[in-house]
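Student:
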C-alpha cells in the first residue's frame with residue numbers, strides 16, 4: 002500500500018496543480034486572505050507506520066475548524082457524554098457560521114463542528130481553568146497525538162480573527178443569552194480564536210489523526226468507541242452543509258477548516274492530512290476535496306464498501 | 002460469525018421484549034395505527050450466504066420509507082447521476098414531512114430520503130410509463146434482490162394513506178408549483194402511496210439489502226460505486242433529523258420507515274432487516290433502533306473502525 | 002371635495018399612463034397572464050354620495066385577493082370573533098403564498114389576507130352549506146354593498162386557477178393535515194378559486210367598500226367596530242410583505258389582488274377602487290400603488306394625521 | 002373632551018388596578034426585574050393644550066424601546082430617507098430580539114422598531130460624533146419636545162443592561178459582520194443601552210409625543226409628512242409580533258417598551274403616555290395595552306373610522 006501511494010501521490014500532486022480552479026481563500030479573516038491559493042500538500046500515515054507525502058506537505062497552515070475535532074476529543078476525555086446535554090449530534094444543514102437554528106432551537110447548537118457548537122466545546126474546556134491552560138491542553142493533545150512538540154499558535158491570525166470575527170462574537174453572545182456559555186464571552190472567544198490559529202503541516206495533521214483512525218502503533222488517546230464516534234460526527238457533520246456531498250463523493254469521515262486543511266480518516270487504514278487554501282462554496286478546501294475524492298477512489302478506501 | 006449471531010439474536014429478542022417502552026405506532030395513517038406496537042423481528046443475511054433470524058422475522062410489515070432506497074436504486078439504474086439536478090444529497094435537519102426548506106430552496110428537496118425528495122424520485126420513475134409499470138419496476142427490483150417473487154402491496158394501507166396523506170399531497174403540489182414534478186400530482190401521489198405500502202418480512206428485507214451491502218453471491222443489481230453511494234446517503238440522511246444520532250450510536254448506514262422497519266447495512270459483512278412498529282420522536286422504530294445499536298456493538302460492526 | 006377630485010383624477014390618469022413601468026401581470030394564472038398591463042382605472046366614492054372616476058373605471062377585472070376582505074366580512078357577520086381561533090391577526094412578513102410559517106406555527110395562518118388564512122375563511126364560509134351557497138353569500142354581500150346585482154364570476158379564470166393553482170393546493174392540503182380545514186380540500190379550493198374570480202369594475206369596487214369606510218348612506222352591512230377592525234387588518238396585512246411600505250407611503254388601509262385591483266379606504270371620507278393589472282415585486286399593482294400614493298397625498302387623506 | 006377625560010381617567014385607573022393580572026416585569030435586565038408590577042399611570046395631552054392624568058403619572062420609568070421612536074426622529078431629521086437603505090419598513094412578525102431574519106435577509110433589519118433596526122438607527126446617530134454627543138441629541142430632542150429639561154438617563158439600568166444584554170450584543174456583532182454598523186460594536190451598544198435607560202414620566206411622554214400627533218401648539222420638530230410616517234411605522238411595527246393585534250384592538254399607532262411604557266398617538270387629537278411595568282407574552286405592557294384599548298374605545302379614538 003505504501004508503494005502504491007508513493008507512486009500515486011506525486012501524480013495526484015501534478016493533477017491538482019493542473020486544475021484551473023483553486024477556489025477562493027477565506028476573506029473574512031484578513032491574515033488568511035493574504036495566503037496564495039495555488040498551494041497543495043498531502044500526507045498519508047498508514048497502518049504500517051509509514052508516512053507518504055507530496056507537494057507542500059511540510060508547510061504550516063492555520064488549521065482553523067479542524068481544531069474542533071481535537072478540542073472535542075479533549076472534552077470527551079474530560080467529561081465524556083455529558084457534553085451532549087449542551088450540544089447536539091445532528092447535521093445542521095446550514096452554513097458553518099449560521100445563527101438561525103440557534104434561535105429556533107433555543108441556544109443548543111446542532112453539533113460540535115459548526116462554530117456555535119465548537120464555542121460550547123471550548124467553553125467546556127475553559128471551565129475551571131484559564132484560557133492559557135485550556136489552550137495548553139489542546140496543544141498537549143496534539144503533541145501527544147503527533148509525537149511532535151513543535152506545534153504553535155499563530156498569534157497574528159488569532160489577533161486578526163479577534164478583530165474581525167463579528168459573526169463568532171454574535172454566536173458567543175447569543176449562546177450566553179441562553180445560558181449555554183459558562184465563562185465570560187471574551188474568554189471563550191479569545192480561546193476559540195487561538196485554538197483555530199494552531200498551525201500544523203499536512204504531515205503533522207496526518208500523524209495527529211492516527212489515534213482517531215485507530216491505526217496500530219498510534220498513541221492511545223481515545224477509547225475505540227470514542228474514536229468511532231468522532232468519525233461518525235465527522236461523517237455526518239464534518240463539512241457543514243456540504244457534509245452529505247462529501248460523504249457521497251469521498252466516502253470517508255473528514256473535517257475541514259477555512260484555512261484549507263482537511264483531516265481525512267480511513268478507519269483502520271490511514272490518517273490523511275490535506276491542505277490547499279482555496280475554498281469552495283461551502284467553505285471547504287476546493288482542491289483538497291478533489292484530492293480526497295481521487296485518493297479514496299484510487300486506493301479503494303470507502304467506509305461504505 | 003453465523004454461530005455467534007445464532008447465539009446472540011434470541012438473547013437480543015428477549016432483551017428487546019423486556020423493554021418497557023415500545024414507542025408509539027404512526028397514527029397519521031389509520032391502517033398503521035391499528036398495528037400492535039409490541040412486536041419485534043430481526044433477520045441478518047451474512048457474507049457467507051447464511052441467514053440468521055429471531056422474533057417476528059417472518060411477519061410482513063409495511064416498509065413505508067424504506068422503499069425510498071429501492072426506488073432510488075431503480076432511478077439510479079435508469080438515469081444515473083441526472084437525478085441530482087432535481088434533488089440534493091444533504092441531510093435536511095428537518096422532519097421527514099417538512100415543507101419549510103422546500104420554500105427556502107425553491108422546490109429542490111434536500112435529499113431523496115425525505116418525503117419531498119422521494120416524491121421527486123417516484124416522479125422520475127413514472128416518467129414515460131404508467132403508475133402500474135412504475136410499481137412493477139420497484140417490485141421487480143425487489144424480486145430480483147430477494148430472489149423471491151412473493152412480494153405484494155397492501156392496498157388497504159395505500160388507500161388509507163391516499164385518504165389521509167394531506168401532508169404528502171401538500172408536498173407534491175408544492176413541488177409541482179416549482180415545476181419539479183413532471184407528472185400529474187395524483188399519479189405521483191398514487192404511485193408513492195402504493196410504493197410505501199409494499200410489504201416485506203424482515204428476512205425479505207435483509208435479502209433485499211445484500212446487493213447494497215455488496216455481499217458475495219448477492220445479485221449484481223448495482224455497481225459497487227452506486228452501492229457505496231446509497232450507503233453514504235443512508236448514513237447521512239437515512240433517519241431524517243435523527244440521522245446524526247443514528248450514525249453516532251449505531252455506526253452503520255440504515256434507512257427507516259414509519260411502519261417500523263429498518264434496513265441496516267454492514268458493508269461487505271451483512272444486510273440486516275429489523276422491524277418493530279412503535280416509533281421514537283424522530284419517527285424511527287424505537288425498539289428497532291435499540292436493536293440496531295446492540296447488534297452493531299455486539300458484532301463489532303461499525304464503518305467507523 | 003368632489004370638484005377637487007373631478008379636476009385631479011383625469012390628471013392622475015394621464016400621469017399614470019405616462020409612466021414607463023407598468024410592472025408585470027401575474028403569470029402563474031394563465032388567464033390573467035393574457036391581460037394587457039397598460040390599463041388603469043380609478044373610482045372614488047365620497048361621503049357626499051358622489052362618485053368620481055377616471056380611466057378604465059368601467060372595465061371588469063378579476064378581484065382575486067381583494068375578495069378576501071368580503072369573505073372575511075361575511076364570516077365575521079356569521080360567527081364573529083370565533084374565527085380568530087383558527088387564524089391570526091398579525092402581518093406575516095412573507096409572500097402571499099408562503100407555506101413556511103404554517104409549518105413553524107402548526108397550521109394556524111398568520112392572518113386572513115394571506116392565501117393560507119383566506120382558505121380558512123372560505124372553509125368557515127363553506128361549513129354547513131354547499132360551495133354554490135357559499136359563493137352566493139359572497140355575491141349577495143357584494144350586491145348589497147354595491148347596490149348592483151350585475152356581479153359575476155369569470156369561470157375561465159376560476160378554471161385556469163384550478164388547473165395551475167398548485168401552491169394553493171399545497172396550502173389547503175397542509176392546513177387539512179393540521180385539522181384546520183373542516184371541509185374536503187377540493188371543495189375549499191374550488192370555492193376559493195371561484196371567489197377570487199369574481200369580476201368587478203373600479204366603480205363597483207369603490208361602491209362595495211363604502212360600508213367599510215363607514216360613509217354616510219352606505220348600506221349598514223357591518224357594525225362600526227367590525228368595519229374599523231377590517232380596516233386595521235387591511236392596514237397591517239393588506240399588502241402581504243409590502244404592507245409596511247404601503248402604510249408608510251400611502252397611509253390608508255387597502256387590500257390588493259394579483260388581478261391588479263386595490264380597494265383603498267379613507268375612513269369616513271372615501272372608498273376607492275383602483276385597477277392596473279401590472280404587478281410590483283410584492284405582487285401588488287405597480288401603477289395602482291403609485292396612484293394610491295398620489296391620490297392620498299393630493300387629497301391629504303391619511304389616517305396618520 | 003378634557004372634561005370627559007377628567008371623568009374617565011380616574012375610573013380607568015380604578016378598573017386597571019382591579020385587574021387580577023399585571024403580567025410579568027422584564028426579567029432579563031436585572032434592574033428592571035426589581036420593579037413592582039402593580040403600578041399604573043396615564044397622561045393624555047389634548048389638542049386644546051390641556052393635560053389630564055391619573056395614577057402614577059408623575060413617576061419616572063425606563064422608556065426602553067419607546068426611545069426608538071425618538072432616535073429615529075433624530076435620524077430622520079438629520080439624514081432623512083437615506084436611513085431606509087440600511088433598514089426596512091416592514092413588520093418582522095418576530096420577537097423584538099429575533100436574529101433569525103437578519104440571517105435570511107443578510108444583515109438588513111426589517112424595521113427600526115425591533116432591536117436590530119434600532120441598533121442601526123443608533124449607529125447612524127453616532128456617525129461623526131461621540132456617544133456622549135449622540136445621547137445629548139436624543140435628550141435634546143426630548144427636552145424640546147416636552148419643553149422640560151429635567152430628563153435623565155438611569156445609569157444603573159444602562160449598566161445593568163450592558164452586563165447582561167447578550168442578545169443585543171449578538172445582534173450588534175451580527176450587523177457588524179454584514180457591514181451594517183459603521184461604528185465600533187461597543188460604542189453602538191453603549192449608546193443604545195443608555196438611550197434605552199432614559200427615564201420619563203407618563204406626563205413627559207405624553208408631552209414628547211405631541212409633535213408626532215401633530216397637536217396644535219406642539220413644537221415643530223418634524224414635518225407633517227415625517228410625523229405621519231412615524232405613525233405609520235408605529236402602527237405596523239410598534240408592538241413587535243403583537244403589532245397586528247394592537248392595531249386590531251386599539252386602532253391607534255403606538256410604541257411599547259419593556260419598561261412597561263407605551264406612547265400612544267391619536268393623530269390630531271391626543272398624545273398619550275401610559276405606563277405599567279408588567280408585560281404580556283409579546284413583551285408589551287399588559288395593563289397598558291388594556292388601558293389603551295379602553296381609552297380608545299371610550300373616546301371613540303381610532304384612525305380606522
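Chains as they are written, first to last, in our numbering: chain Y, 2 to 306; chain F, 2 to 306; chain W, 2 to 306; chain Z, 2 to 306.
Yeah, the Cβ is synthetic: ideal placement off N, Cα and C, and Gly gets one too.
Going by beta-carbon coordinates alone, are residue 9 of chain Z and residue 241 of chain Z separated by less than 8 Å?
Tutor: Between residue 9 of chain Z and residue 241 of chain Z, the C-beta gap is not smaller than 8 Å, which leaves the two residues out of contact.
Student: In angstroms with no decimal places, state the Cα-to-Cα distance between residue 197 of chain Y and residue 236 of chain Z.
Tutor: 47 Å
Student: Say whether chain W places a C-beta atom closer than 8 Å to the C-beta of residue 161 of chain F.
Tutor: no
Student: Drop a sphere of 10 angstroms on the beta-carbon of residue 172 of chain Z, count the other beta-carbons inside from all chains shown, and report buried for 16 or more, exposed for fewer.
Tutor: buried
Student: Please give the ranges of any alpha helix (DSSP H) in the region 100-136 of chain W, keeping only runs that are unbroken, at least 4 residues long and fully inside the region.
Tutor: 101-105 and 116-127
Student: Which value, in whole angstroms, describes the spacing of the CA atoms of residue 1 of chain Y and residue 102 of chain F?
Tutor: Outside the shown range of chain Y (2 to 306) lies residue 1 of chain Y, about which nothing can therefore be said.
Student: Along the beta strand (DSSP E) that carries residue 294 of chain F, what are the first and last residues, could you check?
Tutor: Looking at the DSSP string, residue 294 of chain F is not in any beta strand (DSSP E); the run it does join, the alpha helix (DSSP H), is 287-300.
Student: Does the Cβ of residue 156 of chain W have 16 or more other Cβ atoms within 10 Å, making it buried, or fewer, making it exposed?
Tutor: With a threshold of 16 other beta carbon atoms within 10 Å, residue 156 of chain W falls short and is exposed.
Student: Just to confirm before moving on: does the CB-CB distance between residue 161 of chain Z and residue 214 of chain Z stay below 8 Å?
Tutor: Their beta carbons are not under 8 Å apart, which means residue 161 of chain Z does not touch residue 214 of chain Z by this criterion.
Student: Can you name the residues of chain F whose CB is closer than 8 Å to the CB of residue 254 of chain Y?
Tutor: 305
Student: Can residue 128 of chain Z and residue 192 of chain Z be called in contact, C-beta distance under 8 Å?
Tutor: No, the pair does not count as a contact, with Cβ atoms beyond the cut-off.
Student: In chain order, what residues of the same chain lie with their CB nearer than 7 Å to the CB of residue 3 of chain Z, ignoring the 5 residues before and after it?
Tutor: Apart from the 5 residues on each side of it in sequence, residue 3 of chain Z sits with its Cβ closer than 7 Å to the Cβ of 47, 49, 51 and 53 in its chain, given in chain order.
Student: Span of the alpha helix (DSSP H) holding residue 267 of chain W?
Tutor: Premise fails: residue 267 of chain W lies in the beta strand (DSSP E), 262-267, not in any alpha helix (DSSP H).
Student: If we call anything under 8 Å between Cβ atoms a contact, is residue 258 of chain F one with residue 208 of chain F?
Tutor: no
Student: Which residues in chain Y sit within 8 Å of residue 92 of chain F, going by Cβ to Cβ distance?
Tutor: 91, 92, 94, 237, 244 and 245
Student: Quick check: what's the CA-CA separation for residue 234 of chain W versus residue 238 of chain Y?
Tutor: So the two alpha carbons sit approximately 44 Å from each other.
Student: Who are the near neighbours of residue 217 of chain Z in its chain, counting only those whose CB is closer than 7 Å to its CB and skipping five residues on each side?
Tutor: 48
Student: Check whether the Cβ atoms of residue 43 of chain Z and residue 56 of chain Z sit closer than 8 Å, and answer yes or no.
Tutor: In this structure, residue 56 of chain Z lies closer than 8 Å to residue 43 of chain Z by Cβ.
Student: How many angstroms separate the CA atom of residue 168 of chain F from the CA atom of residue 28 of chain F?
Tutor: Cα to Cα, the separation comes out at about 13 Å.
Student: Tell me the rounded alpha-carbon separation between residue 226 of chain Y and residue 111 of chain F.
Tutor: Distance from the CA of residue 226 of chain Y to the CA of residue 111 of chain F, rounded to the nearest whole angstrom, comes to 30 Å.
Student: Which first and last residues belong to the beta strand (DSSP E) in which residue 177 of chain Y is found?
Tutor: Note, residue 177 of chain Y: premise wrong, no beta strand (DSSP E); alpha helix (DSSP H) at 167-178.
Student: Between residue 152 of chain W and residue 175 of chain F, is the Cβ-Cβ spacing less than 8 Å?
Tutor: In this structure, residue 175 of chain F does not lie closer than 8 Å to residue 152 of chain W by Cβ.
Student: Compute the distance between the beta-carbons of residue 181 of chain Y and residue 90 of chain Y, then report whether it is under 8 Å.
Tutor: no
Student: Could you give the first and the last residue of the continuous beta strand (DSSP E) run that contains residue 86 of chain Y?
Tutor: No beta strand (DSSP E) contains residue 86 of chain Y, which DSSP labels as neither H nor E.
Student: Jot down the residue ranges of each uninterrupted beta strand (DSSP E) in the region 208-270 of chain W, minimum 3 residues, whole runs only, in chain order.
Tutor: 255-257 and 262-267
Student: Using alpha carbons as the reference points, say which of W:304, W:279 and W:300 lies closest to residue 20 of chain W.
Tutor: W:279
Student: Of all the options W:203, W:254 and W:189, which has the alpha carbon lying nearest to the alpha carbon of residue 116 of chain W?
Tutor: Residue W:189 is the option with its Cα nearest to residue 116 of chain W.
Student: Once DSSP output is grouped into helix, strand and coil, what is the label at residue 63 of chain Z?
Tutor: strand
Student: If I measure Cβ to Cβ from residue 30 of chain W and keep anything under 6 Å in the same chain, skipping five residues before and after, which residues do I get?
Tutor: 161 and 162
Student: Measure from the C-beta of residue 100 of chain W to each C-beta in chain C and report whether the shortest distance is under 8 Å.
Tutor: This model lacks chain C altogether; the protein chains it does include are Y, F, W and Z.
Student: Go ahead and label residue 105 of chain F buried or exposed: buried means 16 or more other beta carbons lie within 10 angstroms of its beta carbon, across all protein chains shown.
Tutor: exposed
Student: For residue 290 of chain F, count the other beta carbons within 10 Å of its own beta carbon; 16 or more makes it buried, fewer makes it exposed. Which is it?
Tutor: buried
Student: Please check the pair residue 120 of chain F and residue 231 of chain F, which I expect to be a contact at CB under 8 Å, by giving their CB distance rounded to whole angstroms.
Tutor: So it is not a contact: roughly 18 Å between Cβ atoms.
Student: Decide if residue 107 of chain W is buried, meaning its Cβ has at least 16 other Cβ atoms within 10 Å, or exposed.
Tutor: exposed
Student: Residue 104 of chain F CB to nearest chain W CB: under 8 Å?
Tutor: yes
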